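This report concerns only the one structure given below.
Numbering (this note's numbering), first residue to last: 99 to 571.
See below:
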């Protein structure tokens, strides 16, 4: 969990920590769920109507109970994930109500879009999860969306996936589907298979829907990301330090509740805060301030001994243009190089989380490979220093025919799939395609050729029976 890119000092981290404890103890946090308030009260918190005031000692003691690292289990054991330490988990975009199709037309997302995106995520060599709410399937009734999405995630990929966070009942449905998938011989309490995104409402509100889900997942031993999306200047102070203190207070409150429900619940410190675009009053995420908050949040998570989460290829652009490119790589690199462990929105996001783009999904997937290569760094050893090879080649020679080159370049050089590196004539002879055109072509090819991993027929039947029972009810 050590942060590579550090933007605040240890003394400044401790000042933010003390400010957050002050907020939780003096200002308090509004908890809009009676069951959660009772849990806080029983643990020694002061409760006044819906406001909960958390003693500093309670916060610090409970945060220490959360694990520094945990494993998330996939139906394919080769795709189990380590979350924490120096591990980097990349997950696709989440929650967008709109899709930007392959003709760059923006429309409401559908369940077909969701299924397509699960296949793109399943086929990706750089994404570790199928994801969660890849887009909101607006053509499905709300009460059945979650089971249809989870069923599609399970059947279209054998990677880890996310559970629904839209209330306690939907969390229970998610857990039940995981139980069906893994069977009675797999203890979900000991080997969590689900991770969910629990968002606060900034400033300083925890609502019933999210808390209901949080408590269900904690009871079941499943992982939860506790995240705050503060908008500096609107829902949090305009100063980044003040925004960090407020974000930190909200995240700590959620972590405390998870540990009160079940000590040792795997939690991830979630950072999604950014700034307000004051000209329009809108959220802005493709910003240098977002990158700074990400880096500082990684340091705060490390201070608490917790895995961390941030956004990834974040942009305010409306189409996959140059603006989308520079904003996305800024935020992806900031996350990876600051030590963030779980990167949500690593692919596809446009328009400050409002839209998901097929074309950008493929471009960002390539950026994820680039970022993984940068994070890997430079390996120094006698073999990689290659002094004997340099001696052999000598002045004026070349290394193209050396065994060392043939044995090294595939693992040392990152190779893109849609970027073009040849000369101008080669590019023209190949059709003079833009990156966007190649991304669209690659997207269509995957969707046409994708073969979903085999799922045992009995398990698929049980999942379908469970899903159809809920839909019928």
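Glycine included, every Cβ here is placed at the ideal spot set by N, Cα and C.
Since we're looking at a predicted model, the values are computed, not measured.
- Non-local C-beta neighbours of residue 336 in its own chain, meaning closer than 6 Å and more than five positions away in sequence, comprise 330, ordered along the chain.
- Straight-line measurement puts the Cα of residue 368 at about 47 Å from the Cα of residue 527.
- Judged by DSSP in its simplified three-state form, residue 227 adopts strand.
- When the beta-carbon positions are compared, residue 164 and residue 356 come within less than 9 Å of each other.
- Restricting attention to 505, 262, 300, 426, the CA atom closest to the CA of residue 371 is found in 300.
- Annotation note: the stretch 354–378 contains the following uninterrupted beta strand (DSSP E) runs of length 3 or greater, listed N- to C-terminal: 365–369, 372–375.
- Here residue 517 is exposed, its C-beta having fewer than 16 other C-beta atoms within 10 Å.
- Between the alpha carbons of residue 570 and residue 242 lies a gap of roughly 10 Å.
- Sequence-distant Cβ neighbours of residue 334 in its own chain, meaning closer than 8 Å and more than five residues away, are 300, 301, 328, 340, 341, 344, 345, 371.
- Nearest Cα to residue 128 within the set 151, 119, 113, 116: 151.
- In this structure, residue 398 lies away from residue 351, with their beta-carbon atoms at least 9 Å apart.
- In the three-state reduction of the DSSP assignment, residue 180 falls in the strand class.
- Rounded to whole angstroms, residue 270 and residue 235 show a C-alpha spacing of 21 Å.
- As summarised for the stretch 459–493, the continuous alpha helix (DSSP H) elements at least 4 residues long and confined to that stretch are 480–483, 485–491, given in chain order.
- Residue 504 counts as exposed, since fewer than 16 other C-beta atoms from the protein chains shown sit within 10 angstroms of its C-beta.
- Going by DSSP, residue 565 is part of the alpha helix (DSSP H) stretching over 555–570.
- Taken through DSSP and simplified to helix, strand or coil, residue 247 comes out as helix.
- Note: residue 145 is bridge-paired with 150 in the DSSP secondary-structure output.
- Under the three-state reduction of DSSP, residue 173 is assigned to coil, being neither helix nor strand.
- Counting the other Cβ atoms within 10 Å of the Cβ of residue 378 gives fewer than 16, which makes it exposed.
- Residues 286 of the same chain have their beta carbon placed closer than 8 Å to that of residue 277, with the five preceding and five following residues left out of the count.
- Of the residues 308, 423, 401, the one whose Cα lies closest to the Cα of residue 130 is 308.
- For residue 565, same chain residues with a beta-carbon under 6 Å away, outside a window of 5 residues either side, are 245, 249 in chain order.
- With fewer than three CB-CB distances shorter than 8 Å, the stretch 485–492 does not count as touching the stretch 405–419.
- Residue state for residue 128 is assigned as strand, using DSSP reduced to three classes.
- Note on geometry: alpha-carbon atoms of residue 293 and residue 260 lie some 5 Å from one another.
- For residue 217, same chain residues with a beta-carbon under 8 Å away, outside a window of 5 residues either side, are 254, 255, 544, 545, 548, 550 in chain order.
- Between residue 162 and the set 434, 362, 462, the nearest pair of CA atoms involves 362.
- If you compare the alpha carbons of 460, 206, 279, 183 with that of residue 401, the shortest gap goes to 183.
- When the alpha-carbon of residue 359 is set against those of 348, 320, 391, the nearest one is in 320.
- Taking all protein chains in view, the Cβ of residue 120 is surrounded by fewer than 16 other Cβ atoms within 10 Å, so the residue is classified as exposed.
- DSSP places residue 409 outside any alpha helix (DSSP H); the residue lies instead in the beta strand (DSSP E), whose first and last residues are 406–409.
- For residue 424, there are no CB contacts under 6 Å within the same chain when 5 residues up- and downstream are skipped.
- For the alpha helix (DSSP H) assignment, the uninterrupted runs of no fewer than 4 residues enclosed by the stretch 263–299 are, from N- to C-terminal side, 266–280.
- Straight through space, the alpha carbons of residue 446 and residue 384 are spaced by roughly 13 Å.
- Rounded to whole angstroms, the gap between the alpha carbons of residue 456 and residue 441 is 19 Å.
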